[in-house]
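K.L.:
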Amino acid sequence: KQWYQRRVRAGMGALVYSEIGTMIPVSGGDPTIIRRIFGPLPGFLAFWLTFLLLGMKSSIGVLGFSKYLWSLIYSDSANPEGEVSWWIVKLTCLAVFGIVVAMATFRPTLILNFITVFTAFKVLGCAIVIVSGIIFLGRGNTQNIVEGFNGTNDDPKEWNDAFYGIIY
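If you want it as structure tokens, here you go:
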């Protein structure tokens with residue numbers, strides 16, 4: 555029952571966004587639309603709320619990128635986990651944010667090309683993982699599949715929460 559309710563809510567939300575997008579053809583997302591409909595103060599508050607929420611999400615992503623980057627550089631037999639000092643990770647995060655802000659500020663078209671290139675790399679990475687997995691399975695390495703799903707929930711109603719957890 556909850557699964558269907560979530561699907562109906564998601565579908566209604568998509569219809570509302572498509573209707574608003576055709577009636578108010580501006581770019582800028584929710585804060586811009588809220589500013590056009592309700593005025594400058596609610597638009598300002600919506601912008602800052604969006605900025606803070608998406609900023610935290612971006613910060614977590616950049617922090618993960620920085621940790622993975624340094625673990626790739628500094629992993630060896632003496633340091634198998636690739637652990638580095640916390641300040642190196644934080645400085646790398648600041649440098650990445652500085653580069654992205656500079657690109658978005660001084661060359662907005664460059665940031666769009668940057669996003670396009672990284673999206674292509676993500677798709678390529680997914681394709682490599684899928685193809686190598688198919689090759690791995692094709693060679694008869696199926697021992698993990700037999701035991702891989704023991705103790706998992708096979709109720710389709712719960713899959714939505716699992717997919718949502720993967721995405722966010």
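The numbering used here numbers the first residue of the sequence shown as 555 and each following residue consecutively.
We put the CB at the ideal spot given by N, CA and C, even for glycine.
1) Would you check if the distance between the CB atom of ALA600 and the CB atom of ASP584 is smaller than 8 Å?
2) Measure the alpha-carbon distance for TRP641 versus LEU623 and round it to whole angstroms.
3) Identify, in the order they occur along the chain, each residue of the same chain with its Cβ nearer than 8 Å to the Cβ of LEU645, setting aside the five sequence neighbours on each side.
4) On the criterion of 16 or more Cβ atoms from any shown chain inside 10 Å, does SER620 qualify as buried, or is it exposed?
5) Please state whether DSSP places ARG693 in a helix, a strand or coil.
6) Considering just the uninterrupted stretch of the alpha helix (DSSP H) at ARG589, what are its terminal residues?
7) Is ILE665 near ALA658, with beta carbons less than 8 Å apart?
P.N.:
Quick look at the numbers:
1) yes
2) 14 Å
3) none
4) buried
5) coil
6) Looking at the DSSP string, the run of the alpha helix (DSSP H) that includes ARG589 is 584–592.
7) yes
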